[in-house]
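Colleague: Quick one: this structure, given as structure tokens, is what I'll be asking you about.
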Amino acid sequence: MFDKIKEKYLSLMEKERLPYIKCKSCGHVFFYPRDFCPKCNSRDLEVKISEGKGKVFSFTKFQGKKGETIYGIVELDEGFRMYTNIFGDVDIGDEVVVTFINDSGRKIPVFKKK
Amino acid sequence: MKSRIVGFSGMTFKKYEGSTFQLLSEVVSKAMEMASISSREIDGLLFTILPGTFDGKANVHFPSFQLSSFLGIKPKYIDVIDYGGPSALTMIYRAFKLIEAGEIETALCVVGGKGSFLRENKATADSVDKFYNISLTPFDEFFRVYEDMNPVTDYALVAKRHGKLFGTTDEQRAMIAVNQRKNAMDNDKAIYKNPITVKDVLSSRMVSDPLRLLEIVYPVDGFHAFIVSKHQRNSNLRPIRIDFYGEAHWTEMPTEWKDIVYTPTVESSKGVKLEKIDAYELYDSFTITVLLEIEDIGLAEKGKGGKFVETTDITYRGEIPINTGGGSLNVGQPAYMSGGVILEEALLQLNDMARGHQVKGANRVLVNGIGGWNRGHAVTIVLEGE
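From first to last, the protein sequence lines are chains Y and G.
Those letters in the first sequence? Residues 1 to 114, per this note's numbering, in order.
Those letters in the second sequence? Residues 1001 to 1386, per this note's numbering, in order.
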């Protein structure tokens, strides 16, 4: 089950879709893939596709490999949060949208200022 | 059976040129000397080890054999506690329990290693996964694919959000660094002893916005050893009891916590009574870590930690002494874990051995540890002289 969810995540990301999991039992949503709901322990889960819109929950700027880099947490409109890189001059609460970058032969979801 | 801490020692170096085993041997010998106990009498071994911090290799295979074999110990109980920072506090607690249960008579608790290998390679114990290609979380394919500078960036996210939610200022965090430095100036073990001002902190290099260089620990080489035994022998240490112990482990990713401005200290310290605490040794990987603990143990309400450090004298002479020896921000962080540093300082205080920075009549000391790359582990312990 876990491997299947992970596979689905990876294939959706290749199609530039941002996956998340919704618990069919209690409605809890989460991003990091597990085969049980961390809230109610149900195994009745559904992989869904996010609209990719959210707000900056927190962020930090540091000198990365290619100059100033932003690392942060984004809270998606569907209610789940994820760590990510963010592009553009942002503040906490600013609206951002998902975009995909190529990295080591994979597509990785990152966010940019709306 | 009554158990007591009969010996302890700690040694830290910016860079120790000898082998890790040599350093370990020196530290353990000193603790055994204080306890007047030989390695043959030690029947319990508790230790912690982090990847990349022992001999520069990613991992040490079968460390239970390696450490026992090298130290000449024949344990009948071995425990590896692997959650970094607060592990040292857990070791002491478990050693007490094991002795009281009659399982063992004397335990050696060891924490440390060499931080210089990773430091020189610009890695940390929290980014060692990328350096050695080992896993950090079960979700690395979706988490460790981003550019970060953890653990600094992760704590910076907390500091940034704390500022946004509660108006906590850079100046307030800097006050923690300034006051801890005041404590360090009178501590022989500190590597940083020159006085600093808020302006110095705020003009030090920005590492990960808003955290600056003087708010971040410096990784060093070093070990701490603690011996808990039912035998007092010639040890001059006073009997100390564990008045309170709590541990909490938040195993979800911090993005799934209620908010990142809380730590599991909220839970590990639940029920602790802060009256008559003479000194607080709070895990200080960063200034923001101390601020979070001040709130989470209940010295200040959530969001009021900034105001607290602005208006409270936290030096060892002050009203609420915090990190009385300057903390690991000034002593250095051996092998990316501060637990040994803060526990040793607590024991020095309780035994009237904190030369130059003794809190007068220190009889109850609260030590709080935080660990994991994500602050997911916390241990709160109150040590009290009998």
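Quick reminder that beta carbons are idealized off the backbone N, C-alpha and C, glycines included.
Go through its chain and collect everything with a Cβ distance to Lys1193/G's Cβ below 7 Å, but skip five positions before and after it.
Modeller: Taken in chain order, the residues that qualify are Ala1184, Met1185.
Colleague: Could you work out which residue in Tyr1093/G, Val1201/G, Gly1246/G is closest to Gly1226/G when comparing CA atoms only?
Modeller: Here residue 1226/G is Phe; the residue named in the question, Gly, does not match the sequence. Checking every option, the nearest Cα to that of Phe1226/G belongs to Tyr1093/G.
Colleague: Can you list, in chain order, the residues of its chain whose CB lies under 6 Å from that of Arg1241/G, leaving out five sequence neighbours each side?
Modeller: Excluding residues within five positions, the ones whose Cβ falls inside 6 Å are Glu1384, Glu1386.
Colleague: May I have the straight-line CA-CA distance separating Val1027/G from Gly52/Y, to the nearest angstrom?
Modeller: So the alpha carbons of these two residues sit roughly 54 Å apart.
Colleague: Of the residues Ile5/Y, Arg81/Y, Asn102/Y, Phe62/Y, which one's Cα is nearest the Cα of Arg1212/G?
Modeller: Selected option, being the one with the closest Cα: Phe62/Y.
Colleague: So with CB distances below 8 Å, who are the chain Y contacts of Ala1174/G?
Modeller: What Ala1174/G touches in chain Y: nothing, since even the nearest Cβ is about 17 Å away.
Colleague: Do the region 1303–1312 of chain G and the region 1169–1177 of chain G touch if we need at least three Cβ pairs shorter than 8 Å?
Modeller: Contact holds: three or more Cβ-Cβ distances are below 8 Å.
Colleague: Just to make sure I have the definition right: I need the residues of chain G whose C-beta is within less than 9 Å of the C-beta of Tyr9/Y. Which are they?
Modeller: What Tyr9/Y touches in chain G: Glu1141, Phe1142.
Colleague: Measure from the C-beta of Tyr1218/G to each C-beta in chain Y and report whether the shortest distance is under 8 Å.
Modeller: For Tyr1218/G, the answer is no, since every Cβ of chain Y falls outside 8 Å of its Cβ.
Colleague: Can you confirm whether Asn85/Y, when its beta carbon is compared against all beta carbons of chain G, has any partner nearer than 8 Å?
Modeller: Yes, its Cβ sits closer than 8 Å to a Cβ of chain G.
Colleague: Can you give me the C-alpha to C-alpha distance between Asn1059/G and Arg1317/G, rounded to a whole angstrom?
Modeller: The alpha-carbon atoms of Asn1059/G and Arg1317/G are separated by roughly 43 Å.
Colleague: Following the continuous alpha helix (DSSP H) through Tyr9/Y, name the residue where it begins and the one where it ends.
Modeller: Note, Tyr9/Y: alpha helix (DSSP H), 2–14.
Colleague: Using the three-state DSSP reduction, which class does Leu45/Y fall into: helix, strand or coil?
Modeller: It is a strand residue.
Colleague: Kindly list the residues whose CB is nearer than 7 Å to the CB of Ala1346/G, restricted to its own chain and excluding five residues on each side of it in sequence; keep chain order.
Modeller: Contacts found: Glu1281, Val1365, Val1367, Leu1383.
Colleague: Which one or two residues does DSSP pair with Leu1383/G in a beta bridge?
Modeller: Answer by DSSP bridge pairing, in chain order: Ile1242/G, Val1365/G.
Colleague: Starting from the C-beta of Asp1188/G, find all residues in its chain whose C-beta is less than 8 Å away, skip the five residues before and the five after it, and write them out in chain order.
Modeller: Only Arg1355, Gly1356 meet the Cβ criterion.
Colleague: So which residues of chain G does Thr69/Y contact, with C-beta pairs closer than 8 Å?
Modeller: Neighbours of Thr69/Y on chain G, chain order: Glu1147.
Colleague: Closer than 8 Å, CB to CB, is Val1207/G near chain Y or not?
Modeller: Output row for Val1207/G: interface = yes.
Colleague: Based on the DSSP output, what are the partners of Glu1281/G in its beta bridges?
Modeller: Its beta-bridge partners are Val1367/G.
Colleague: Where does Asn1323/G land, buried or exposed, given buried means 16+ other C-beta within 10 angstroms?
Modeller: Burial call: buried.
Colleague: How is the alpha helix (DSSP H) around Ala1088/G delimited, first residue to last?
Modeller: Segment 1087–1100, the alpha helix (DSSP H) holding Ala1088/G.
Colleague: Could you work out which residue in Asp3/Y, Val56/Y, Leu10/Y is closest to Gly88/Y when comparing CA atoms only?
Modeller: Among Asp3/Y, Val56/Y, Leu10/Y, the Cα nearest to that of Gly88/Y belongs to Val56/Y.
Colleague: Can you round the beta-carbon distance between Asp35/Y and Met1/Y to whole angstroms, since I take them to be within the 8 Å contact cut?
Modeller: The Cβ separation is near 4 Å, so the contact holds.
Colleague: Short check: CB of Thr1090/G to CB of Ile1104/G, under 8 Å?
Modeller: Not in contact: Thr1090/G and Ile1104/G (Cβ atoms no closer than 8 Å).
Colleague: Which two residues bound the contiguous beta strand (DSSP E) that contains Leu1046/G?
Modeller: Counting along the chain, the beta strand (DSSP E) containing Leu1046/G begins and ends at 1044–1047.
Colleague: Taking beta-carbon pairs under 8 Å, can you tell me which members of the region 1256–1276 of chain G lie near chain Y?
Modeller: From the region 1256–1276 of chain G, only Glu1256, Ile1260 have a Cβ closer than 8 Å to chain Y.
Colleague: Which term fits Thr1251/G, buried or exposed, when burial requires 16 or more other beta carbons within 10 angstroms of its beta carbon?
Modeller: When all chains shown are included, Thr1251/G counts as exposed.
Colleague: Along chain G, in chain order, which residues have C-beta atoms closer than 9 Å to that of Thr99/Y?
Modeller: By Cβ distance, chain G contributes nothing, its closest Cβ being about 14 Å from Thr99/Y, past 9 Å.
Colleague: If you follow the alpha helix (DSSP H) that Pro1063/G is in, where does it begin and where does it stop?
Modeller: Where Pro1063/G is concerned, the enclosing alpha helix (DSSP H) stretches over 1063–1071.
Colleague: Over what stretch of residues does the beta strand (DSSP E) that includes Gln63/Y continue unbroken?
Modeller: Where Gln63/Y is concerned, the enclosing beta strand (DSSP E) stretches over 53–64.
Colleague: Which residues in the same chain have their Cβ closer than 8 Å to the Cβ of Gly79/Y, if we skip the five residues on either side of it in sequence?
Modeller: So the list reads Val29, once near-sequence residues are dropped.
Colleague: Comparing the C-beta of Ile73/Y with each C-beta of chain G, is any distance below 8 Å?
Modeller: So yes, Ile73/Y belongs to the interface.
Colleague: Opposite Tyr71/Y in the DSSP bridges: which residues?
Modeller: Bridge partners of Tyr71/Y: Thr60/Y, Asn85/Y.
Colleague: Whole angstroms are fine: how far does the CA of Ser1116/G sit from the CA of Thr1124/G?
Modeller: So the alpha carbons of these two residues sit roughly 10 Å apart.
Colleague: Classify Ile1134/G: buried if its beta carbon has 16 or more other beta carbons within 10 angstroms, exposed otherwise.
Modeller: Classification of Ile1134/G: exposed, given that the 10 Å Cβ count is below 16.
Colleague: Quick check: the Cα distance between Phe1139/G and Tyr9/Y, rounded to an integer number of angstroms?
Modeller: Near 11 Å, if we compare the C-alpha coordinates of Tyr9/Y and Phe1139/G.
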